Amino acid sequence: MAGMPPEVDVAVIGAGAAGIAAARRLVEADRVSVVVLEARERAGGRVWVVYSSAGPLDLGAEWLHSADRNVLAREAQRLGFSVNRRRPDWTTRLSRSGETRDAEEDWIREREAHYWAVHRAAQGPDDPPASSVLVPGGRWNALFDATSTWANAVELDCLSVKDNDRYEDSGVNWRVREGYGRLLTALAGGVPIAFGAAASRIEHGGRRIRVITPQGTLSAARLIVTVPSAAIAGGRLAFDPPLPDKEAAAAGLPLGLANKLFLGFDGAVAGAGDELFLIGSTRRRETMSYQVRPLGRPRINCFFGGRFADQLERDGIEAMTAFAVDELAGLFGSEIRARLKPLAASAWRSDPFALGSYSYALPGHADDRARLAEPVDGRLFFAGEACSPNFFSTAHGAYETGLKTADAVLASLA
Ligand SMILES: Cc1cc2nc3c(=O)[nH]c(=O)nc-3n(C[C@H](O)[C@H](O)[C@H](O)COP(=O)(O)OP(=O)(O)OC[C@H]3O[C@@H](n4cnc5c(N)ncnc54)[C@H](O)[C@@H]3O)c2cc1C
Numbered sequence: 050m051a052g053m054p055p056e057v058d059v060a061v062i063g064a065g066a067a068g069i070a071a072a073r074r075l076v077e078a079d080r081v082s083v084v085v086l087e088a089r090e091r092a093g094g095r096v097w098v099v100y101s102s103a104g105p106l107d108l109g110a111e112w113l114h115s116a117d118r119n120v121l122a123r124e125a126q127r128l129g130f131s132v133n134r135r136r137p138d139w140t141t142r143l144s145r146s147g148e149t150r151d152a153e154e155d156w157i158r159e160r161e162a163h164y165w166a167v168h169r170a171a172q173g174p175d176d177p178p179a180s181s182v183l184v185p186g187g188r189w190n191a192l193f194d195a196t197s198t199w200a201n202a203v204e205l206d207c208l209s210v211k212d213n214d215r216y217e218d219s220g221v222n223w224r225v226r227e228g229y230g231r232l233l234t235a236l237a238g239g240v241p242i243a244f245g246a247a248a249s250r251i252e253h254g255g256r257r258i259r260v261i262t263p264q265g266t267l268s269a270a271r272l273i274v275t276v277p278s279a280a281i282a283g284g285r286l287a288f289d290p291p292l293p294d295k296e297a298a299a300a301g302l303p304l305g306l307a308n309k310l311f312l313g314f315d316g317a318v319a320g321a322g323d324e325l326f327l328i329g330s331t332r333r334r335e336t337m338s339y340q341v342r343p344l345g346r347p348r349i350n351c352f353f354g355g356r357f358a359d360q361l362e363r364d365g366i367e368a369m370t371a372f373a374v375d376e377l378a379g380l381f382g383s384e385i386r387a388r389l390k391p392l393a394a395s396a397w398r399s400d401p402f403a404l405g406s407y408s409y410a411l412p413g414h415a416d417d418r419a420r421l422a423e424p425v426d427g428r429l430f431f432a433g434e435a436c437s438p439n440f441f442s443t444a445h446g447a448y449e450t451g452l453k454t455a456d457a458v459l460a461s462l463a
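At position 207 of the sequence shown (counting the first as 1) the number is 256 in the numbering used here, and the numbers step up by one without a gap.
Right, dumping it as structure tokens:
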């Protein structure tokens with residue numbers, strides 16, 4: 050926690066994964082003065098844990114994706130967090146969700162074929178939507194869309210094949226038992242953060258950069274902007290003089306929506322062991338994925354994305370709960386209804402400092418990530434998940450961009 054000083058060498062806007070990484074590296078370099086301006090009263094941004102009787106609830110990021118290559122997995126272990134390395138059983142969830150083993154094998158084959166079809170399409174001169182490679186009338190088309198809303202927070206018709214192909218998934222996914230949000234809070238310790246300092250305008254025409262906030266104006270020699278792409282595209286953070294190329298790049302990388310609902314569930318279900326992964330429906334695009342008793346805890350995590358999530362967020366937690374309870378009753382029988390109680394739900398679209406969940410590239414806009422990450426005049430820098438070339442949409446991708454940008458800032462000051 051820090052007050053906002055009138056001037057610093059380097060200011061960072063946003064104390065999410067990217068901003069924390071950048072500030073840590075700058076503080077460690079021990080040769081520049083630094084402050085992070087954070088609009089909220091907490092650090093972590095889209096990595097946020099709250100606590101409940103059923104354990105920590107990660108309302109945002111939960112998984113250390115590509116964990117064998119994940120800088121935050123290394124940090125978690127270095128800091129003594131309890132990292133659960135058991136791989137989630139996502140592959141065989143169809144046969145647990147009402148499909149036959151044959152159908153599940155067919156899905157696994159088709160999913161592999163779809164992956165390669167996207168890859169081939171991405172090698173061409175154009176950048177069509179990922180839906181263009183679907184087999185017309187294909188048996189699993191609704192499920193391809195539903196899984197895209199979980200992985201990419203958007204349906205395939207809005208998704209660039211080139212961008213999708215650039216994402217590097219090693220297939221190794223771990224979790225932090227204490228909650229991913231706790232890890233980010235720990236990493237933010239020792240970083241000077243001014244909370245409640247929402248930047249509204251950046252004046253970069255003069256000798257020094259001026260950042261306008263409700264706590265006053267801050268003057269800096271260098272600035273790192275880590276706000277979500279939607280805040281730049283929508284003009285919530287304005288630049289003076291304007292940066293139309295930057296705004297256009299950010300507009301090519303909108304934030305999709307993925308939300309979570311947590312239901313308390315103090316019971317056992319057949320075949321659940323201490324954890325079970327399921328899908329509400331393999332035939333509808335509007336469906337949820339479920340973690341029953343995640344890490345053995347007495348609850349069910351419900352995850353849903355895309356246009357369906359936008360509608361449910363507008364309708365509220367009661368509508369989310371009613372939908373999930375109906376799907377779970379379809380999977381387990383009606384007796385389960387009385388044993389489910391809503392604990393919490395996220396609403397990332399209406400969060401004014403997130404404006405959505407994670408970025409995707411529109412068809413034709415895969416190169417906007419590099420354009421967004423490009424510095425302006427060697428002193429105005431950009432980081433955040435939307436700037437990552439290969440780990441976009443993730444917390445570790447955001448963190449990596451923060452480290453890299455801080456190095457570039459230090460080099461520019463050398
Ligand atoms: C539901 C959900 C599930 C997810 N699951 C995973 C997962 O399992 N694994 C994974 O790796 N990733 C996951 N993600 C994505 C991951 O959380 C994000 O990609 C990552 O946290 C983004 O970090 P960032 O630093 O780029 O942005 P942010 O975390 O958004 O940080 C930006 C910061 O800037 C602040 N800010 C905004 N505007 C201003 C302003 N004007 N002035 C000052 N401050 C401002 C914000 O408050 C925020 O703290 C998930 C996200 C969601 C929402």
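By construction, the Cβ of each residue, glycine as well, lies at the ideal position given by its N, Cα and C atoms. Values in this document were obtained by computation on a predicted structure and should not be read as measured data.
Boundaries (first-last residue) of the beta strand (DSSP E) holding residue i
i: P293; result: Note, P293: premise wrong, no beta strand (DSSP E); alpha helix (DSSP H) at P293 to A300.
i: Q172; result: Taken as a continuous stretch (DSSP letters only), Q172 belongs to no beta strand (DSSP E), as it is neither H nor E.
i: D107; result: G104 to D107
i: L45; result: Limits of the chain in this structure are 50 at one end and 463 at the other, which puts residue 45 out of reach.
i: R250; result: R250 to E252
i: R334; result: Unbroken run through R334: none, as it is neither H nor E.
i: W223; result: W223 to V225
i: V84; result: V83 to L86
Beta-ladder partner(s) of residue i, from DSSP
i: A269; result: V57 and I258
i: L459; result: DSSP lists no partner for L459.
i: A393; result: F311
i: L304; result: S408
i: V274; result: I62 and F431
i: R348; result: G313
i: A243; result: L86
i: V425; result: L429
i: P178; result: S209
i: N133; result: R224
i: L113; result: W223
Best match in the options for proximity to residue i [C-alpha to C-alpha]
i: A70; options: R150, F288, K453 and L459; result: K453
i: L292; options: L429, L192, G239 and V81; result: L429
i: G427; options: L272, T443 and R386; result: L272
i: A270; options: L462, M53, A51 and E159; result: L462
i: F326; options: A307, R348 and R332; result: R348
i: L404; options: E423, D375 and A282; result: A282
i: L233; options: P438, R363 and A64; result: A64
i: G265; options: P438, R256, I251 and V274; result: I251
i: K295; options: E423, G313, R333 and D151; result: E423
i: R158; options: E90, G187, I62 and G329; result: G187
i: N350; options: G313, A246 and W165; result: G313
i: V184; options: A166, W199, V225 and T198; result: A166
i: A398; options: G228, E227 and G109; result: One point to set straight first is that residue 398 is Arg, not Ala, in the sequence displayed. Among G228, E227 and G109, the Cα nearest to that of R398 belongs to G109.
i: P290; options: A373, G255, T262 and V276; result: G255
i: V221; options: G365, V132 and L421; result: V132
i: P391; options: A88, Y164 and L106; result: L106
i: L128; options: E227, K309 and F372; result: E227
i: A179; options: R160, A300, E204 and D155; result: E204
i: R134; options: A125, R142 and L389; result: A125
i: L389; options: F372, F402 and A396; result: F372
i: G230; options: G93, A248, S442 and L459; result: G93
i: Y409; options: V210, E154, V96 and Y448; result: V210
i: W223; options: I62, F130, F441 and S395; result: F130
Inter-residue CB distance, residue i and residue j (contact presumed, cutoff 8 Å)
i: S278; j: A435; result: 4 Å
i: D456; j: R74; result: 7 Å
i: S102; j: A393; result: With 8 Å as the limit, S102 and A393 do not qualify as a contact, their Cβ atoms being about 11 Å apart.
i: A66; j: G451; result: 7 Å
i: R342; j: G104; result: Not confirmed; about 10 Å, so no contact.
i: L208; j: T331; result: No, L208 and T331 are not in contact; Cβ-Cβ is about 20 Å, not under 8 Å.
i: S181; j: A170; result: 7 Å
Enclosing alpha helix (DSSP H) for residue i [first to last residue]
i: I366; result: I366 to F381
i: W199; result: N190 to A200
i: S144; result: R142 to R145
i: R215; result: V210 to R215
i: Q126; result: V120 to R127
i: V99; result: Where V99 is concerned, there is no enclosing alpha helix (DSSP H), although the beta strand (DSSP E) it sits in stretches over V98 to S101.
i: Q230; result: Note on identity: in this sequence residue 230 is Gly, with Gln being the wrong assignment. G230 -> alpha helix (DSSP H) spans Y229 to A237.
i: A287; result: Where A287 is concerned, there is no enclosing alpha helix (DSSP H), although the beta strand (DSSP E) it sits in stretches over A287 to D289.
i: R418; result: D417 to A422
For this session: Count the C-beta pairs between the region 235–247 and the region 406–413 that are closer than 8 Å, then say yes if the count reaches three, no if not.
Result: no
Exercise. Are the region 119–128 and the region 303–313 touching by the rule of at least three beta carbon pairs closer than 8 Å?
Worked result: Because the criterion of three Cβ pairs below 8 Å is not met, the region 119–128 and the region 303–313 do not touch.
Exercise. Does the region 75–84 come within contact of the region 52–61, defined as at least 3 CB pairs closer than 8 Å?
Worked result: These segments touch.
Exercise. Three or more C-beta pairs closer than 8 Å, one from the region 211–223 and one from the region 110–118: is that the case here?
Worked result: Because the criterion of three Cβ pairs below 8 Å is met, the region 211–223 and the region 110–118 touch.
Problem set entry | Stretch-stretch touch, CB-based, cutoff 8 Å, three pairs: the region 366–385 with the region 323–340 | yes
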